[in-house]
Amino acid sequence: MKKPSILGLRTTIYKVNDIQKARHWYAKAFETKAYFDETYYVGFNIGGYELGLQPEEGLKGEKIESVVSYWGVDKIQEVYDRLITLGATENEKPYNTGGEMMTATLKDPYGNVIGLIYNPYFKLSE
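Read in order, the letters of the sequence shown are residues 1 to 126 in the UniProt record's numbering.
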């Protein structure tokens, strides 16, 4: 069988106006340290996927929701509440999207949308 040309999600990038403050916030929020930390890019390994921070360029305004990356969690309400206590703001409270699946979105202190998902139906292939 031929290997597909698209290998799967690798990196989600959030643009931030203060990369050092954002590095600190994301390290606390995702309970991990950056594996790559430079002034032009900060990278975190989140369960085998990359969360990247890049400095925002140009005019700073309200960010438009376009694509939302959902980070998998086991206890969506618990993670949602913890991110709120760290300074994230409510966007969409946790809700049932069907069956046992639940999603929620928050905005980080820099205006980026962070998606959370509890999806017991999806399993990573090994």
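Virtual Cβ for every residue (Gly too), placed ideally from N, Cα, C.
Check	Outcome
Rounded C-alpha distance that separates Tyr70 from Leu116	5 Å
Lys28 - containing alpha helix (DSSP H), residue span	Ile19 to Ala29
Supposed close pair Ile84, Leu106 - CB separation, criterion 8 Å	7 Å
CA nearest to the CA of Tyr121, picked from Val79, Gly87, Tyr80 and Gly72	Gly72
For Leu83, three-class secondary structure by DSSP	helix
Span of the beta strand (DSSP E), counted from its first residue to its last, around Asn96	Thr89 to Gly98
Beta-carbon contacts of Asp81 that lie in its chain and below 8 Å, excluding the five residues immediately before and after	none
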